[in-house]
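Asks: Have a look at this one before I ask anything.
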Amino acid sequence: TQSTWGHQCIHLSRMVQHRPPLLVAVLLLAVIFPSGLHAQQQEDISGGWNLDHVFDFLLADIDRCDYVKATLPANCSSSNLGFGDIEAQKAPKVPIIYKQLTANTEFRRLTQKQELLDTYGEKEVVLSTANTFSHEKQKSTFAEYLKNHVELNTKEKNATVLLEEIFNKPADQLFYAFGDYYWTDLLNTYDFPPMFNGPNGALSFGVGGSGSGVPFHVHGPVFAEVLYGRKRWFFAPPGKGPAFDPNEPSLKWFWRHVKVDDNGKMHFEAPEGVTICTVEAGETLWVPDMWWHGTLNVGETVFISDFT
């Protein structure tokens with residue numbers, strides 16, 4: 002006999018086949034996990050990565066999300082929801098975050114820290130500058146990149162010293178591994194998002210340390226999935242980009258907008274027109290075409306983007 006979730010999955014599939022994507026998001030939100038559903042599916046959420054945020058101000062309004070988070074029932078795989086024939090031009094015009102959109106159990110296993118070090122530690126990666134334009138490149142082995150750019154050792158240097166080192170460097174002197182190395186055997190195991198031209202997209206895989214990220218920039222539509230860690234996103238609509246310095250580190254920009262209230266609690270005061278959302282591990286963000294966005298990783302973060 003089929004479970005209740007199974008019936009709901011089939012029902013969802015039939016509903017979304019001929020519905021516009023924004024309505025699909027609402028339909029998906031109507032099916033919420035019962036409390037405790039994940040309790041029997043506990044796993045090591047860290048994958049061996051250090052999820053320590055290092056800088057306390059990174060947690061200011063960490064749970065805020067100005068956009069819809071749509072949750073898929075656990076029994077519904079991406080392949081049987083009927084998204085395959087939805088064309089890119091019908092995609093949502095605002096960001097949306099999907100939970101359990103992809104079935105990437107194997108990809109998550111392969112991107113655990115020790116797995117990546119064992120397989121790719123001596124492989125070359127091409128690092129990009131962490132500014133808006135990312136024009137400058139630098140080569141490194143993956144193991145060296147983790148040691149020199151990702152693993153912020155607060156035992157040797159306290160957070161204040163680390164912060165000063167980052168703040169004293171323009172973003173074009175900070176380096177970031179994202180997209181310029183192509184481990185096809187790894188990428189071939191990735192389960193693409195099934196709609197909005199996702200299966201035909203180009204993949205970029207990345208790893209960043211806590212406080213790393215990229216200032217505001219624009220490009221075509223993209224799915225962005227977090228495998229481990231958390232990633233803060235900042236948005237502005239097309240044609241309405243906020244005032245910002247393209248060479249200011251994302252961490253410093255964020256710090257300048259964190260204020261402390263009378264009770265000593267930190268809050269992020271977004272500039273006018275800027276919206277935010279924290280994307281957690283296992284969530285996939287849809288960023289529409291030409292939306293301004295910047296990013297900031299909280300803890301060591303592993304992520305992949307599908308440029309559609």
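Under my numbering, think of the first position of the sequence shown as 2, with each following residue one higher.
We put the beta carbon where it would ideally sit given N, CA and C, even for glycine.
(1) What are the start and end residues of each continuous beta strand (DSSP E) run of 3 or more residues lying completely inside the segment 205–284, in chain order?
(2) Can you tell me where the alpha helix (DSSP H) with Q139 in it begins and where it stops?
(3) Alpha carbon to alpha carbon, what distance is there between P194 and G212?
(4) Take T185 as the anchor and find which of F56, V303, A61 and T120 has the nearest alpha-carbon.
(5) Tell me the DSSP bridge mates of T302?
(6) Looking at E1: is its Cβ nearer than 9 Å to the Cβ of E226?
(7) Using DSSP's beta-bridge definition, name the partner residues of E125.
(8) Can you say whether V310 is buried or exposed, counting buried as having 16 or more other CB atoms within 10 angstroms of its CB?
(9) Which whole-angstrom value is the C-beta distance of H218 and T133, which I expect to be below 8 Å?
(10) Which one or two residues does DSSP pair with T100 in a beta bridge?
(11) At which residues does the beta strand (DSSP E) containing E61 begin and terminate?
(12) Three-state secondary structure (DSSP) at T112?
(13) Taking just the CA atoms, how far does A160 sit from D117?
(14) Leaving out five residues before and five after K70 in sequence, what residues of the same chain have Cβ atoms less than 6 Å from its Cβ?
(15) Under the DSSP definition of a beta bridge, which residues are partnered with W292?
(16) Does DSSP put F56 in a helix, a strand or coil?
(17) Just to confirm the assignment, what range does the beta strand (DSSP E) spanning A160 have?
(18) Hey, F224 and D307: beta-carbon distance below 9 Å or not?
(19) DSSP three-state call for A178: helix, strand or coil?
(20) I need the boundaries of the alpha helix (DSSP H) containing T185, first residue and last residue.
Replies: Let me lay it out:
(1) 223–237, 259–261, 267–269 and 276–281
(2) Careful: Q139 lies outside any alpha helix (DSSP H), inside the beta strand (DSSP E) at K138 to T142.
(3) 27 Å
(4) T120
(5) G209
(6) Since the first and last residues shown for the chain are 2 and 309, residue 1 lies out of range.
(7) T142
(8) The chain is shown from 2 up to 309; residue 310 falls before or after that span and cannot be answered.
(9) 5 Å
(10) The residue asked about is misnamed: residue 100 is Lys in this sequence, not Thr. Note: K100 sits in a beta bridge opposite T72 and E284.
(11) It is worth fixing the name first, because residue 61 is Ala in this sequence and not Glu. From DSSP, A61 is part of no beta strand (DSSP E); its letter is neither H nor E.
(12) coil
(13) Correcting the residue identity first, residue 117 is Leu in this sequence and not Asp. Distance between the alpha carbons of L117 and A160: 27 Å.
(14) I98
(15) DSSP, once it has assigned bridges, lists no residue as partnering W292.
(16) coil
(17) A160 -> not in any beta strand (DSSP E); alpha helix (DSSP H) instead, spanning A160 to F168.
(18) yes
(19) strand
(20) T185 to L188
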